[in-house]
Structure formats: structure tokens, C-alpha cells
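Notes follow once the structure below has been shown.
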Amino acid sequence: MRVCVLYCAKDNNDNRLKELASKMAEGLSSKGHIVEIVDMNLEMGKIISFFDYVVVISCATGYFSKNIPTNVSKFLKAAGTVSGKRCSCYISKNCGRKARVLQTLMRTMESEGMYLKVSDILPNGNYAYAVGSRLHVESGLKE
150 MRVCVLYCAK DNNDNRLKEL ASKMAEGLSS KGHIVEIVDM NLEMGKIISF
200 FDYVVVISCA TGYFSKNIPT NVSKFLKAAG TVSGKRCSCY ISKNCGRKAR
250 VLQTLMRTME SEGMYLKVSD ILPNGNYAYA VGSRLHVESG LKE
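Written as C-alpha cells, this is what we have:
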């Protein structure tokens, strides 16, 4: 299946989310899926309609903030038909209000009509690899 791993850091020089996204992609590709990593800050306007599953990784805009970067909602609005798309969302653990940040990300994705299956907090790259290798991507429909 075709899987898209989207990540959006609060600034362009944040390599932590890039590492989490690459480890998640490694875990997903170990199960035989075709994975593409997309930086939402750099590739605004990319169409993700042809992917079967979408993984979104983000972070908070500040340590005590509950907000996510505004590029997440802008990217999802311009990403083509994402309504009804099966997806999962994750945040990095480097913020103070993890539950509120995750809730904000889930609300943003569900407002675009995405069908959220899994959400979690990623503490490090090894955990991201483990989550990616155990993520149930198949829809259960016979193709």
C-alpha cells in the first residue's frame, strides 16, 4: 500500500521531527509498504489524494503552547481530496502540554474529514520505528 508520512516542525531547521518521520517510514517500509516522506513546510500544495494511508507527525509551537504549526492546516486544505482518508497522528514529546497538543492535531485532521485510526506521543526514533512496523495500514478490503 502507498503510505505518506507528513511532518511539520515549528521551524525549518528542526531535525528532530525529520528523524522521527524517517524512522516511522523505515518501520512502515519493513512491512512492505511504499512510503514517501513529505515536509509540510517545504512542499506546500503537494497532492496526497493517491495515498492509501497518511501519517502526520507534528509538534507544539512553544513549550507551554497547545497549538500546532499553522502550516499543518494550510497543507491539509491544499492537499487535494483528504476527506475519508485513513490516517494516524503523532506528536514529539518535547512539549509541556502533550495531551492538548495531540488533541489539537486530531481536531485539525478530523475537521478536514480524515478518518483517524491511531494517535500517540513519540518519545524517540526507536519508538517511532516500532510503531511504524506495528501499524495496521491495510483497510481490510480485498483489492
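In this text, residue positions in the sequence shown follow the working numbering: the first is 150, and each later residue adds one. We put the CB at the ideal spot given by N, CA and C, even for glycine. Source: prediction; values computed, not measured.
Helix, strand or coil at residue i according to DSSP, with G and I counted as helix
i	result
residue 192	coil
residue 212	coil
residue 203	strand
residue 232	coil
residue 179	coil
residue 222	helix
Same chain only: Cβ atoms within 7 Å of residue i, ignoring 5 sequence neighbours per side
i	result
residue 274	168, 169, 172
Member of the options whose CA lies at the smallest distance from the CA of residue i
i	options	result
residue 156	200, 239, 264, 234	239
residue 183	198, 203, 218, 150	150
residue 205	153, 212, 250	153
residue 249	287, 222, 212, 189	212
residue 165	282, 209, 225	209
residue 235	188, 284, 158, 179	284
residue 244	260, 196, 232, 207	207
Exposure label - residue i; buried when at least 16 CB within 10 Å
i	result
residue 258	buried
residue 298	Any property of residue 298 remains undetermined from this structure, which presents the chain solely from 150 to 292.
residue 262	exposed
Same chain only: Cβ atoms within 6 Å of residue i, ignoring 5 sequence neighbours per side
i	result
residue 246	215
residue 175	278
Problem - Start-end ranges of the alpha helix (DSSP H) lying completely within the segment 252 to 286, minimum 4 residues - result: 274 to 283
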